[in-house]
């Protein structure tokens, strides 16, 4: 209505400018989080801002659980990365909203209707970053189909730039982006029989963003391999079950999406229709795995928002299938009851989800107001954020006092923000965080680093129990206890290495829930490696969904029992059985730990029959450690 007095082109310009301004104010984290120690995730994720600032290569210099531009995924204030954080979010937000504006123009004439739809999608996307990248892949396929039929390449390439950018953000985005591009490439080959423009453009963009990120092109294969390993291993380590109602909502929405996609894409050529349907199906599968492997409110939200926004985007793009062909519009007119059913289903499932996860809408108006205030402050040259950053650092300094460390230091803990707050000469953990060590290859990366010339002069390590893998062996070998540095143990690099020998002494056939006695070896420090193999079903389920957990139960001579999570892909390379459940303080101060109650036996304990997922028979190699 307010554009009515303007000519068509001017109206469209004002319409686009207004929506892009709303996107910049609502989807861009002008008011980010601040450095803290409350959450381990957000504590170690601050490291990604340091990775960007230090221009480190996530393929060569270290293994990043996220990519070189992982800081985009973690909007935390860092004085030296904030500008790039804002620019990258503006870039992604504008392209998403512009794509929605472009798609909505095909079949919807009303500016009011288009505004309601697009602003509604923006409000949902403002809550969740994963959903933005998931939606971009859906938008790309929509715009790719339009390109094949109209030759309009610009909107499609814009979304492809975001897919290429996200390659350097998070492993999940690497996989979904590659699958989307591969499916589009197959479709283009069957349609044009020429060099696929999509694949060529994607490779060029990957090369461009590789250069801009500071990575070397030769680091890409290593980064890609580690991303795949992490994605596969994630299911084994972080799998978590949640309310079945959440899964029901997702399944219903997925079926609705599938029905609409099949109904529309079935009008394509014989091969193309199958490839388009497969492309959307694979995207939904990855969204599903990302949302339900670790089934909590935060991750489920990824899937719900991605699917809702994806269904809406696909429907508004397909009302006419292509511009000028009002197929779906006519179909809806003839099947009004079906439309009513869809509205009811969306309403019921949406209400179920919102009732279970009120964080989606609670406090969002206040957050929006704060975001707008921060945007005004930043644009006007204010220092509000810098002041809040300093206050946040002071809180950490007071809560976690640390003495001055006379040299380079590695903080062997996920709470590395403590080191940044104290402005230590901080060396970064090669895998960024200890909690992300989900595979024996990653454990080896940390272990090798601690033995190398690049290792720091000192280590500040948590006094709590830690995973006793090869990295701890490397600590004992190369570092000695220096002093208790208030919040941490302070370890100093040895001038002469403490040579550690691991000698195999026994090989045992083991079974789940069967005790393995080692009482006759209790005068030794025991190293064990357990070769557990997944079944074919286990491999498939682990790749597509998640695997059940099991534990190693360690009984000591004094009758005490330690119960430690067992991770087949991580423990495959071995660990110190005698040190399981023992603090690093005890390990370093008691040497051989024989003063601690020695191990009597251990059991790989399961709470249910896991024979479907793992071979119930496995090999246990037992060695002793001497130094």
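Numbering (my numbering), first residue to last: 999 to 1625. For every residue, glycine included, the Cβ atom is placed at its ideal position computed from N, Cα and C.
Judged by DSSP secondary structure, residue 1169 falls within the alpha helix (DSSP H) whose first and last residues are 1169-1190. In the three-state scheme derived from DSSP, where H, G and I count as helix and E and B as strand, residue 1274 is classed as helix. By the criterion of a C-beta distance shorter than 6 Å, residue 1504 is surrounded in its chain by 1620, once the five residues flanking it on both sides are discounted.
Its chain contains 1061 as the residues whose beta carbon lies nearer than 6 Å to that of residue 1224, once the 5 sequence neighbours on both sides are disregarded; these appear in chain order.
Secondary structure of residue 1238 (DSSP, three-state): strand. When Cβ pairs closer than 8 Å are counted between the two stretches, the region 1467-1486 is seen not to touch the region 1086-1104, the count staying below three. Bounds of the alpha helix (DSSP H) holding residue 1039 are 1038-1052.
Out of 1303, 1023, 1032 and 1025, the CA that lies nearest to the CA of residue 1385 is found in 1032.
Here residue 1243 is exposed. Its C-beta has fewer than 16 other C-beta atoms within 10 Å.
Under the three-state reduction of DSSP output, residue 1446 falls in the helix class. Considered as a whole, the region 1365-1409 harbours 1382-1397 as its complete alpha helix (DSSP H) runs of no fewer than 4 residues, in chain order.
Under a 10 Å Cβ-count criterion, residue 1489 is classified as buried, with 16 or more other Cβ atoms of the shown protein chains found around its own Cβ. By the neighbour-count definition (other C-beta atoms within 10 Å, threshold 16), residue 1118 is an exposed residue. Where residue 1099 is concerned, the enclosing alpha helix (DSSP H) starts and stops at 1080-1102.
Taking the CA atoms as reference points, residue 1382 sits about 20 Å from residue 1025.
Counting the other Cβ atoms within 10 Å of the Cβ of residue 1044 gives 16 or more, which makes it buried. Between the region 1061-1075 and the region 1006-1017 there are fewer than three inter-stretch CB-CB distances shorter than 8 Å, so the stretches are not counted as touching. If you check the CB distance, residue 1506 and residue 1498 do not come in under 8 Å. Annotated three-state conformation of residue 1118 is helix, per DSSP.
In the structure shown, residue 1555 falls within a coil segment according to DSSP collapsed to helix, strand and coil. Taking C-beta separations shorter than 8 Å and ignoring five residues to either side along the sequence, the partners of residue 1106 in its chain run 1112, 1115, 1314 and 1317, following chain order. Exposure of residue 1563 is indicated by the presence of fewer than 16 other C-beta atoms within 10 angstroms of its C-beta.
In this structure residue 1178 touches residue 1138 by the C-beta definition: roughly 6 Å separates them, less than 8 Å. By the Cβ test, the region 1057-1071 is in contact with the region 1214-1228, since at least three Cβ pairs between them sit closer than 8 Å.
Cβ-Cβ separation between residue 1185 and residue 1270: approximately 6 Å, consistent with a contact (criterion under 8 Å). The DSSP-derived three-state label of residue 1461 is coil. Straight-line measurement puts the Cα of residue 1417 at about 38 Å from the Cα of residue 1601. Non-local C-beta neighbours of residue 1214 in its own chain, meaning closer than 8 Å and more than five positions away in sequence, comprise 1055, 1057, 1058 and 1208, ordered along the chain. Residue 1571 is a Cβ neighbour of residue 1442, given a cutoff of 8 Å. Membership of residue 1616 in any alpha helix (DSSP H) is not indicated; the residue belongs instead to the beta strand (DSSP E) covering 1615-1624. Beta bridge pairing from DSSP links residue 1031 with 1074. CA-to-CA, the gap between residue 1156 and residue 1199 works out to about 11 Å.
For residue 1476, the secondary structure class from DSSP, reduced to helix, strand or coil, is helix. Checking the DSSP bridge columns, you'll see residue 1296 has no partner listed.
Straight-line measurement puts the Cα of residue 1458 at about 11 Å from the Cα of residue 1491. Considering only 1311, 1167, 1016 and 1421, the residue with the shortest C-alpha distance to residue 1400 is 1421.
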